[in-house]
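Trainee:
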Ligand code: SF4
Ligand code: SF4
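Chains as they are written, first to last, in this note's numbering: chain C, 565 to 658; chain H, 293 to 631.
Below, the structure written as structure tokens:
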């Protein structure tokens, strides 16, 4: 995925290293290889490559990771905006 | 299907590991958006080869294309396949929607009585289901340990042979030219209805002129405008996705707008002499706004755009696109009055 870079400085991914038990799950599940676990501690590498899918946070048994997960999809975000205004509106992603 | 394997939980259907002509035709139709949402397999337990109680259990979605992509890789492998009920949606989207979830995996294991069939308490899940499934909670829920397999089904045999180990490449999503190209037909087909409405509106606007409404202008002005629209659609839904890694801009709306300006200039050049300068400007603006909007919508089909990034891009893009569209309409209507 080196050919595909997206907007920098926006990812909501955060790691609480104090809680981390070094199980390695975040490193395994991330489809963009963001995490590196060394000496029983996870660290965030290339934060700007994170697409906020939420896989790491969901699979962290120690709740050490937070991210605002969602789908990076304009149509979905538009329907969510409309939803906020009108209280109706469906979603069309995937 | 190719017969059944008897197990303590009853007969389990065995899948054929080659795809038939019908499977391929069905896949092609699905890609073209024909009957797209009615392509499922019955959730439950299946198998490939002659699996024993020690054989690996591969969990997948019950979208038929996903299921087929898995079974065609299993030639020569003895394995159990558990199709979760993801309502006929692929792994990634079903996990994002919470259909391929911890609860569904636990429920499917109970319903299929998998515990009576296998002796190992271990499941192999597709890595991309991890957005919906929490491995440690599946363990708590039913005692099975979740191993995340590779992203792509094609790497499953290598994963199993390596003793359930995946390298970095197997764990990374890709977005190859082919993976982008197969998304294009559906993107275009989704535009059928809005396109019909747009063509109607364009022809109507084109007829307006000094003589109030001229049926002749509907054609002389309408045809260039409709051509511009079609080319703008192609630049937003075909050119931008295909050239994506070559575009120097990270934000989709900018790439789309520039592609739209190019095709807009191409159509005005094709029709030069038939459209005035103001009308040409209107067409280029319209083309840019439309292609920009469509390119931005492609973010929904990529495996690397974060929602925070898309939202940031949209807050910048939508005002510009709306302004471009309105200005284009004003210029287009005003065109015939300005000589
Ligand atoms: S949210 Fe997804 S992309 Fe981002 S670090 Fe976690 S697993 Fe990786
Ligand atoms: S999943 Fe959580 S506990 Fe495990 S290594 Fe990653 S951050 Fe640490």
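Even glycine gets a Cβ: it sits at the ideal position worked out from N, Cα and C.
1) Where does residue 482 (chain H) fall in DSSP's three states?
2) By the 10 Å Cβ neighbour count, where 16 or more other Cβ atoms means buried, how is residue 599 (chain H) classified, buried or exposed?
3) For the putative contact between residue 556 (chain H) and residue 584 (chain H), defined by C-beta atoms under 8 Å, what is the C-beta separation to the nearest angstrom?
4) State yes or no: is the C-beta of residue 596 (chain C) nearer than 7 Å to some heavy atom of ligand 1?
5) Report buried or exposed for residue 419 (chain H), applying the criterion of at least 16 other Cβ atoms within 10 angstroms of its Cβ.
6) Specify whether the region 496 to 510 of chain H and the region 529 to 543 of chain H touch according to this definition: at least 3 beta carbon pairs, one from each stretch, less than 8 Å apart.
7) Hey, could you find the ends of the beta strand (DSSP E) residue 298 (chain H) is sitting in?
8) Restricting to Cα atoms, I'd like to know which of H:358, H:395 and H:423 is closest to residue 381 (chain H).
9) Do you know how far the Cα of residue 303 (chain H) is from the Cα of residue 367 (chain H)?
10) In terms of residue numbering, what span does the beta strand (DSSP E) encompassing residue 472 (chain H) cover?
11) Leaving out the 5 sequence neighbours to the left and right, which residues in its chain are closer than 8 Å to residue 554 (chain H) when beta-carbon positions are compared?
12) Shorter than 8 Å from the beta carbon of residue 321 (chain H) to some beta carbon of chain C?
13) Which ranges would you report for the alpha helix (DSSP H) in the region 527 to 557 of chain H if only whole runs of at least 4 residues count?
14) Have a look at H:472, H:439 and H:417 and flag the residue whose alpha-carbon is nearest the alpha-carbon of residue 534 (chain H).
15) CB of residue 617 (chain H) to nearest heavy atom of ligand 2: below 7 Å?
16) Note down, in chain order, every chain H residue with its Cβ under 7 Å from the Cβ of residue 585 (chain C).
17) DSSP puts residue 358 (chain H) in a beta bridge; with which residues?
18) Take residue 649 (chain C) and list the residues in its own chain whose beta-carbon comes closer than 8 Å to its own, dropping the five residues that flank it on each side.
Mentor: So, from the data block:
1) Coil, per DSSP.
2) Under the 10 Å beta carbon count, residue 599 (chain H) is surrounded by 16 or more other beta carbons and is classified as buried.
3) Taking C-beta atoms under 8 Å as the contact rule, residue 556 (chain H) and residue 584 (chain H) fail to qualify, at a distance of about 11 Å.
4) Yes, Cβ of residue 596 (chain C) sits closer than 7 Å to a heavy atom of ligand 1.
5) In summary, residue 419 (chain H) is buried, with 16 or more beta-carbon neighbours lying within 10 Å of its beta-carbon over all protein chains present.
6) With fewer than three CB-CB distances shorter than 8 Å, the region 496 to 510 of chain H does not count as touching the region 529 to 543 of chain H.
7) First-last of the beta strand (DSSP E) with residue 298 (chain H): 296 to 299.
8) Residue nearest to residue 381 (chain H) within the set H:358, H:395 and H:423 is H:358 (criterion: CA-CA distance).
9) So the alpha carbons of these two residues sit roughly 21 Å apart.
10) For residue 472 (chain H), no beta strand (DSSP E) run applies; the uninterrupted alpha helix (DSSP H) run containing it begins and ends at 469 to 473, by DSSP.
11) For residue 554 (chain H), the CB contacts under 8 Å within the same chain, skipping 5 residues up- and downstream, are 527 in chain order.
12) No, residue 321 (chain H) lies away from the interface with chain C (no Cβ there is under 8 Å from its Cβ).
13) For the region 527 to 557 of chain H, whole alpha helix (DSSP H) runs of length 4 or above, ordered along the chain, are 532 to 535.
14) Of H:472, H:439 and H:417, the residue nearest in Cα terms is H:472.
15) Answer for residue 617 (chain H): no, Cβ out of range of ligand 2.
16) By Cβ distance, chain H contributes nothing, its closest Cβ being about 11 Å from residue 585 (chain C), past 7 Å.
17) Residue pairing of residue 358 (chain H) in beta bridges, as defined by DSSP: absent, with no partner found.
18) Cβ within range, chain order: n/a, list empty.
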